[in-house]
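S.K.:
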Ligand code: L14
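Next up, the structure:
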């Protein structure tokens, strides 16, 4: 019986913000962990991390790290995944990868369990965790797609700095201090992915996350566009995205405009579909000023939806405000949920 089976797991990037959260969610026992191996770059190797109250030494990840590992979580950047995920698969592990390295590969299922758990059946060793902004949006759109179909999605994001790592968080803190002390702000990190030019994020809004492509979209925007179509099995869905960084530490927010395939859908139908959606919490009551915010969603596993309203001009158009913790549902929790689904479906 799968329930009694124990699994050997490895976490690559164990000292990072997402790796730490993966370890925390594994302690909640989504399945039985027999042995846990904590791996990192050479730089962080030798530090100790606790798992279930026990101190575990973090080791440098190499191609030999994955013997006897059943599930390997990768969250140490795209180049580490490119180099070591195939090695882990060769050793017999199933990889759940939290980077963008394999997401659009045809052979790699891109999974949000509430949306397309079935795609796990076709895995060939590597499973990809989608981009944080994509995850929370498709989780909220799924119950609407199921009930009314989807024709078009236009999203603008309001993204936290934590997605760009600890250095970006420290930069926001330091720039805030500088600004309030009338000092010049030093900017060296954001917009992340860009090595040419940097802008302060404190008291600002940056319409660039990741680098620009030739068509004028940023990579983050194209990730949202392409990943959404893949996860929702809608190659012809019209999707447009504008991704913006805000001086917020945790949780991404999204203003999302959708058009359903069905017409004559009313706002109560959409609200009901969302209320019944898996992993979705509706927080929406203008009479009490109830809606989710980045602070209210932080550290929670669910995706929060508010401001549900009908477009005033387009019959099948609706507007939503979708908020979720980008390091939790957007990264660590979705990754652990994928492993849980692998176990449940006896695919590991
Ligand atoms: O594609 O800078 O998983 O906030 C998610 C976080 C890309 C960068 C991904 C950020 C990353 C993004």
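In the numbering used here, the protein residues as written are 136 to 483. For glycine and all other residues, C-beta sits at the position ideal for the given N, C-alpha and C.
#1: For residue 231, which residues in the same chain have their Cβ closer than 6 Å to its Cβ, ignoring the five residues on either side in sequence?
#2: Would you check if the distance between the CB atom of residue 415 and the CB atom of residue 274 is smaller than 8 Å?
#3: Within its chain, find whatever has a CB closer than 6 Å to the CB of residue 373; leave out the 5 residues flanking it on each side and keep chain order.
#4: Hey, which unbroken runs of the alpha helix (DSSP H) at 4 residues or more fall wholly within the stretch 406-438?
#5: Taking the alpha carbon of residue 458 as the point to measure from, which residue in 441, 345, 482 has its own alpha carbon closest?
#6: Using the Cβ count rule (16 or more neighbours within 10 Å means buried), how would you classify residue 136?
#7: Taking residue 186 as part of the beta strand (DSSP E), name the residues at either end of that continuous run.
#8: Quick one: Cα of residue 285 to Cα of residue 410, how far?
#9: Which of the three DSSP states is assigned to residue 353 in this structure?
#10: Return the CA-CA distance between residue 451 and residue 399, expressed in angstroms with no decimal places.
#11: Assuming residue 324 and residue 302 are in contact, meaning their beta carbons sit under 8 Å apart, how far apart are those beta carbons, in whole angstroms?
#12: I'd like to confirm the pairing. Which residues does DSSP put opposite residue 394 in its beta bridges?
#13: With a threshold of 16 other CB atoms inside 10 Å of the CB of residue 368, please say whether the residue is buried or exposed.
#14: Looking at the unbroken beta strand (DSSP E) that takes in residue 301, where does it start and where does it end?
#15: Pairing CB atoms from the stretch 142-149 with CB atoms from the stretch 206-224, are three or more of them under 8 Å?
#16: Check residue 216 in the structure and name its three-state DSSP category.
#17: How far does the beta strand (DSSP E) with residue 377 in it extend, from its first residue to its last?
#18: Between the alpha carbons of residue 438 and residue 464, how many angstroms are there, rounded?
#19: For the stretch 162-181 and the stretch 225-240, state whether three or more C-beta atom pairs, one from each stretch, are separated by less than 8 Å.
#20: Exposed or buried, residue 343, counting other C-beta atoms within 10 Å across all chains shown (16 or more means buried)?
#21: How would you call residue 151, buried or exposed, if buried means at least 16 neighbouring beta carbons within 10 angstroms?
#22: Below 6 Å CB to CB, which residues in the same chain sit around residue 243 once its five sequence neighbours on both sides are set aside?
#23: Per DSSP, residue 253 is paired with what?
#24: Please tell me whether residue 291 and residue 377 are closer than 8 Å, where the distance is taken between their beta carbons.
#25: Using the Cβ count rule (16 or more neighbours within 10 Å means buried), how would you classify residue 453?
#26: Give a single yes or no on whether residue 355 has its beta carbon closer than 7 Å to a heavy atom of the ligand L14.
#27: For the alpha helix (DSSP H) holding residue 157, just list the boundary residues, first then last.
#28: Please go through the same chain and pick out, in chain order, the residues whose beta-carbon is closer than 7 Å to the beta-carbon of residue 434, but skip the five residues on each side of it.
M.R.: Judging by the given coordinates:
#1: Against the chain shown, residue 231 aligns to sequence position 96. Excluding positions up to five away in sequence, the list reads 208, 262, 470, 473, 474.
#2: The residue labelled residue 415 in the question sits at position 280 within the chain shown. The residue labelled residue 274 in the question sits at position 139 within the chain shown. Cβ distance < 8 Å, so residue 415 and residue 274 count as in contact.
#3: Taking the first residue of the chain shown as 1, we reach residue 373 at position 238. Within the same chain, residue 373 has close Cβ partners 287.
#4: 429-432
#5: Position 323 of the chain shown, counted from the start, is the residue given in the question as residue 458. Residue 458 has its Cα closest to that of 441, out of 441, 345, 482.
#6: The residue given as residue 136 occupies position 1 in the chain shown. Since pLDDT at residue 136 reaches only 49, below the 50 mark, its modelled position is unreliable, and no value is offered.
#7: On the chain shown, residue 186 is found 51 positions in, with the first residue counted as 1. Its beta strand (DSSP E) spans residues 183-186.
#8: Indexing the chain shown from 1 puts residue 285 at position 150. Indexing the chain shown from 1 puts residue 410 at position 275. Residue 285 and residue 410: Cα-Cα distance of roughly 18 Å.
#9: Taking the first residue of the chain shown as position 1, residue 353 is located at position 218. Residue state, collapsed to three classes: strand.
#10: If you number the chain shown from 1, residue 451 lands on position 316. If you number the chain shown from 1, residue 399 lands on position 264. Going by the C-alpha atoms only, they are around 7 Å apart.
#11: Locating residue 324 in the chain shown gives position 189, where the first residue counts as 1. Locating residue 302 in the chain shown gives position 167, where the first residue counts as 1. Sure, about 5 Å apart at Cβ, within 8 Å.
#12: Translated into positions along the chain shown, residue 394 becomes position 259. Residue 394 pairs with 287, 452.
#13: For the purposes of this step, residue 368 is taken as residue 233 along the chain shown, with counting starting at 1. Exposed.
#14: On the chain shown, residue 301 is found 166 positions in, with the first residue counted as 1. It is not in any beta strand (DSSP E) - residue 301 instead sits in the alpha helix (DSSP H) that spans 301-315.
#15: yes
#16: Counted from its first residue, the chain shown places residue 216 at position 81. Residue state, collapsed to three classes: helix.
#17: In the chain shown, residue 377 corresponds to position 242, counting from 1. Its beta strand (DSSP E) spans residues 373-380.
#18: If you number the chain shown from 1, residue 438 lands on position 303. If you number the chain shown from 1, residue 464 lands on position 329. So the two alpha carbons sit approximately 7 Å from each other.
#19: no
#20: Here residue 343 refers to the residue found at position 208 of the chain shown. With 16 or more other Cβ atoms within 10 Å, it is buried.
#21: The sequence position of residue 151 within the chain shown is 16, counting from 1. Buried, because 16 or more other Cβ atoms sit within 10 Å of the Cβ of residue 151.
#22: For this step, residue 243 is matched to residue 108 along the chain shown. Excluding positions up to five away in sequence, the list reads 237, 261, 263.
#23: Along the chain shown, one-based indexing puts residue 253 at 118. Answer is none; residue 253 lacks a bridge partner.
#24: The residue given as residue 291 occupies position 156 in the chain shown. The residue given as residue 377 occupies position 242 in the chain shown. Taking 8 Å as the Cβ cut-off, residue 291 and residue 377 qualify as a contacting pair.
#25: Taking the chain shown and counting its residues from 1, one reaches residue 453 at position 318. With 16 or more other Cβ atoms within 10 Å, it is buried.
#26: Within the chain shown, residue 355 is the residue found at index 220, counting from 1. It does: the Cβ of residue 355 is within 7 Å (strictly closer) of some heavy atom of the ligand L14.
#27: Taking the first residue of the chain shown as 1, we reach residue 157 at position 22. Element bounds for residue 157: 152-162.
#28: Looking up residue 434 in the chain shown gives position 299. The answer, listed in chain order, is 460, 463.
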